[in-house]
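Colleague: So that we are looking at the same thing, I have put the structure below in structure tokens.
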Amino acid sequence: MQLRRADVLRGARDLLDADGLDGLTMRKLGAALNVQAGGLYWHFPSKQALLEAVADDLLAGVAETPPAGPWDQRLLTLAHRLRQALLSVRDGARLVAETFVTEPNTSMAGRTGMRILMDAGLPAEQAAWTMFAVGHYVLGHTIEEQSTGADREAKLAAQAEADADLRELAAAIGADPGRRFEFGLALMIDGIRVRVSGRTPADS
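Quick note: the sequence shown uses UniProt numbering, first residue 1, plus one each step.
Okay, here's the thing in structure tokens:
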């Protein structure tokens, strides 16, 4: 049976979920698909090309037009879709952060966000910068969620025994990541509302 591009992408996602980004190699992927590693290069000329394709495949559906409503709710929907897509596979956020992808799904997600912000009144340049900022926040937060932070949290908890400020920080880090994500995203939306309203921070 001929190996298809979709088979390679599916196999790469399965291997990524099982072994993480550092464990995804062309040799391992070839073994998992019962083909020589060289056969994979028929579909992807390099491992980097494969990673970029997997990253873009991961974002399929993120850019579907959000339901009609206020711009801020539509942007929130887009940000939540992005986080859920990144969380859908092990090291998904790292994968997207470590690839520079201009493939259809990735580009469409950015354009969808820009259209939402431009419809709200932001100039194109500011809409683009805003989408970079929102995207970086979602990526950074999700990378932390997916990282193995047990040792870090244990060290912080030990230090917190003698430091009240660190105790508060340890409690904040240990909070539900979904709640922390919502809080940070709300802060960003509040700032964007200032821009959309035409006021600068100094005017508010």
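Note that the Cβ used here is the ideal one computed from N, Cα and C, for glycine as well.
#1: Near M118, what residues of its chain come up, given a Cβ to Cβ distance below 8 Å and the 5 sequence neighbours on each side ignored?
#2: To which residues of the same chain is A202 closer than 6 Å at the C-beta, ignoring the five residues directly before and after it?
#3: Taking Cβ positions, are L29 and L95 nearer each other than 8 Å?
#4: Helix, strand or coil for F183? Go by DSSP, reduced to three states.
#5: Give the single residue among M131, Q48 and G198 whose Cα lies nearest to the Cα of M188.
#6: Just to confirm my understanding: we take H43, look at its own chain, exclude 5 residues before and 5 after, and list those with CB closer than 6 Å. What are they?
#7: Hey, quick one: how far does the alpha helix (DSSP H) through F132 stretch, first residue to last?
#8: Any contact of the region 59–70 with the region 12–31, i.e. 3+ C-beta pairs under 8 Å?
#9: In chain order, what are the residue ranges of uninterrupted alpha helix (DSSP H) at least 4 long that sit wholly in the region 24–81?
#10: Apart from the five residues on each side of it in sequence, which residues of its chain come closer than 6 Å, Cβ to Cβ, to S197?
#11: Taking the beta carbon of A109 as the centre, do at least 16 other beta carbons fall within 10 Å, making it buried, or is it exposed?
#12: In angstroms with no decimal places, state the Cα-to-Cα distance between F181 and L3.
#13: Can you name, in chain order, every residue of its own chain whose Cβ lies under 6 Å from the Cβ of A120, other than the five neighbours on each side?
#14: Below 8 Å on the Cβ atoms is my guess for I143 versus A97; work out the distance and round it to an integer in Å.
#15: Excluding the five sequence neighbours on either side, which residues of its own chain have a C-beta within less than 7 Å of the C-beta of P66, listed in chain order?
#16: Which residues mark the beginning and the end of the alpha helix (DSSP H) in which R13 is found?
Modeller: Reading off the structure:
#1: A124 and A127
#2: Confidence at A202 is low in this model, with a pLDDT of 49, below 50, so the placement of that residue should be treated as unreliable; the coordinate-derived value is given next. So the list is empty, once near-sequence residues are dropped.
#3: no
#4: helix
#5: M131
#6: R5 and V8
#7: A124 to Q146
#8: no
#9: 26–32, 37–40 and 47–58
#10: none
#11: buried
#12: 40 Å
#13: W71 and V196
#14: 6 Å
#15: R74, T77 and L78
#16: R5 to D19
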